[in-house]
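Residue numbers (this note's numbering), protein chains in the order written: chain F, 1 to 175; chain R, 1001 to 1181.
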Amino acid sequence: MSDLFLGLITGVIFGFLLQKGRVLRFDKQVGAMRLKDMTIIKFMMSAILVGMVGLYTLRAIGYIELSHKPMNLGGVIIGGLLFGVGWSIMGYCPGTSVGAIGEGRWHAGFAVLGMIIGAAIYAECYPLMLKTVLAWKDFGKVGLPEAIGVSPWILIPLFWVGTIALFRWFERMKI
Amino acid sequence: MKWKLDDGAWSPYVAGALVGVLAIASVVATTALTDKTKFLGASTTFVRAAGLAEKAVASEHVANNAYFTKEKVKVDWQFLFVIGIFLGAVVSSLTDGSFRLEKVPPTWQARFGASIGKRALGAVAGGAVAMFGARLADGCPSGHGLSGIMQLSVSGLVALAMFFGAGVFVAHFVYRGASHE
């Protein structure tokens, strides 16, 4: 039961912050894909910069294990491309769609319906995917520091520097 | 840098950084209070929602489906997390006056007109393709993008590049000529 309550509280805060950052909007999502308004990228990368330091610190003190999703070549590349195609037309990602309904953009309900249908179709196609796309090559659950043999405490500062340079460029371009 | 924008919105840098704090707090809390460490994610919930809906009409079919069996059709931590996103957005938008009933998004309307039917078709078809892709990739911009890249996962970095690359490419053709709202 504490699982469910914790999930709800975390979701409420997440939804509140997504709405305050105005990233729940179709126009912000599509605006980023049209390279005209990078609000969602600023939001997401800021979250990543902060979260990255926290999660690697928690790992360093032995509090948590990281949990990488498998780098299945076909799955991540084909699936990622399909996601991008659908995302550009739908104008929401799974997390933002439900939040968009919450701020009154009720047409996002169609996006939620479409995604539930897509999940149902995938469930039927899963055995076929296992035999085809997902069977190509799986590099397993791997993190970049281990993959290239560089300490995360070198990669994280580099990631910060690169991302802040990107932010400065966004502000200069007024996007 | 402005912390608060004119329309009551928060700077995306500030709101985003707070999401980073939330992600850390959530990992600490789930590790301490539940059976395993949980990272933020959303798309598996859509599988469970599809499974719950199908269960109502064909429970045996769901029980025999390998993917539903793998992902477990149940209301769990992430399911409530997704419901929470909805509630959080309701609270935020009603209290700062940005709540608005909208039939069709402005950018969509500028390109395809005010037809709800057209928008519904685009959203359902786009949503189905996107979710098929997210399940094949095993994550969406929350699971792969936020949680994956925070951990410097190779899969998260590659997935986000694919999401955004394909999105930019298709959006270029789909919304050509529409003004940005």
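Every residue gets a Cβ at the ideal spot worked out from N, C-alpha and C, and that includes glycine.
Environment of residue i [buried if 16+ CB atoms lie within 10 Å]
i, result
"Ser1115(R)", "exposed"
"Phe14(F)", "buried"
"Gly84(F)", "buried"
"Leu1218(R)", "The requested residue 1218(R) does not occur in the structure, where chain R is confined to residues 1001 to 1181."
"Lys1070(R)", "exposed"
"Thr1107(R)", "buried"
"Ile164(F)", "exposed"
"Ile148(F)", "exposed"
"Lys137(F)", "exposed"
"Arg1048(R)", "buried"
"Val103(F)", "Per the sequence shown, the amino acid found at residue 103(F) is Glu instead of Val. The residue in question, Glu103(F), is buried, as its Cβ has 16 or more Cβ neighbours within 10 Å."
"Pro157(F)", "exposed"
"Met1131(R)", "buried"
"His1144(R)", "buried"
"Asp27(F)", "buried"
Interface flag, residue i vs chain F, CB-CB below 8 Å
i, result
"Ser1043(R)", "yes"
"Ala1023(R)", "yes"
"Ala1130(R)", "yes"
"Asn1064(R)", "no"
"Gly1139(R)", "yes"
"Ala1015(R)", "yes"
"Lys1103(R)", "yes"
"Phe1112(R)", "no"
"Val1019(R)", "yes"
"Ser1059(R)", "no"
"Ala1120(R)", "yes"
"Ser1098(R)", "yes"
"Gly1133(R)", "yes"
"Gly1177(R)", "no"
"Ala1056(R)", "no"
Within chain B, the residues that residue i reaches when beta carbons sit closer than 7 Å
i, result
"Met33(F)", "Absent from the structure is chain B; the protein chains it does hold are F and R."
Amino acids of chain R, ordered along the chain, whose beta-carbon sits closer than 7 Å to that of residue i
i, result
"Ser88(F)", "Gly1167, Val1170, Ala1171 and Val1174"
"Arg22(F)", "Ala1009"
8 Å contact criterion, which residue i and residue j should meet: CB distance rounded
i, j, result
"Gln19(F)", "Ala1089(R)", "4 Å"
"Met52(F)", "Phe139(F)", "At roughly 21 Å, the Cβ-Cβ gap does not stay under 8 Å, so Met52(F) and Phe139(F) are not in contact."
"Gly62(F)", "Val1154(R)", "Actually they do not touch by this definition, with Cβ atoms about 23 Å apart."
"Lys36(F)", "Gly1148(R)", "Actually they are not in contact, since the Cβ atoms of Lys36(F) and Gly1148(R) sit about 26 Å apart, beyond 8 Å."
"Gly99(F)", "Ala1042(R)", "Rounded, the Cβ-Cβ distance is 10 Å, inconsistent with contact."
"Gly1127(R)", "Gly118(F)", "6 Å"
"Leu155(F)", "Met1162(R)", "Going by Cβ atoms, the distance from Leu155(F) to Met1162(R) rounds to 21 Å, so no, they are not a contact pair."
Cutoff 8 Å: residue i Cβ touching any chain R Cβ
i, result
"Trp106(F)", "yes"
"Lys131(F)", "no"
"Ala47(F)", "yes"
"Val150(F)", "no"
"Pro157(F)", "no"
"Leu8(F)", "yes"
"Ile154(F)", "no"
"Leu144(F)", "yes"
"Ala178(F)", "Since the first residue shown for chain F is 1 and the last is 175, residue 178(F) is missing from the structure and cannot be characterised."
"Leu166(F)", "no"
"Gly62(F)", "no"
Residues that DSSP places opposite residue i in a beta bridge
i, result
"Lys1004(R)", "Trp1010(R)"
"Asn1065(R)", "In the DSSP output, where bridge partners are listed per residue, Asn1065(R) has none listed."
"Ser1153(R)", "Gly143(F)"
"Asp138(F)", "Asn72(F)"
Contacts that residue i makes with chain F (C-beta to C-beta distance below 7 Å)
i, result
"Ala1090(R)", "It is worth fixing the name first, because residue 1090(R) is Val in this sequence and not Ala. Residues of chain F passing the Cβ test: Gly102."
"Phe1046(R)", "Pro94, Met115, Ile116 and Ala119"
"Ser1026(R)", "Thr10"
Contacts that residue i makes with chain R (C-beta to C-beta distance below 8 Å)
i, result
"Thr39(F)", "Pro1012"
"Thr163(F)", "Neighbours of Thr163(F) on chain R: none; closest Cβ ~10 Å, over 8 Å."
"Ala111(F)", "Ala1123, Val1124, Gly1126 and Gly1127"
"Leu128(F)", "In chain order: nothing, as chain R lies at least about 11 Å away."
Amino acids of chain R, ordered along the chain, whose beta-carbon sits closer than 9 Å to that of residue i
i, result
"Lys174(F)", "None at all; the shortest Cβ gap to chain R is about 12 Å."
"Asp3(F)", "Thr1030, Leu1033, Thr1034, Asp1035, Lys1038, Asp1076, Trp1077 and Leu1080"
"Ala135(F)", "In chain order: nothing, as chain R lies at least about 12 Å away."
Amino acids of chain F, ordered along the chain, whose beta-carbon sits closer than 9 Å to that of residue i
i, result
"Trp1108(R)", "Phe26, Asp27, Val30, Gly91 and His107"
"Ala1125(R)", "Gly86, Ile89, Met90 and Gly114"
"Ser1153(R)", "Leu66, Ser67, His68, Lys69, Met71, Lys141, Val142, Gly143 and Leu144"
"Gly1148(R)", "His68 and Lys69"
Chain-ordered neighbours of residue i on chain F, where CB pairs are closer than 8 Å
i, result
"Ala1050(R)", "Ile116, Ile117, Ala119, Ala120 and Ala123"
"Gly1143(R)", "Lys69"
"Ser1093(R)", "Gln19, Gly102, Glu103 and Gly104"
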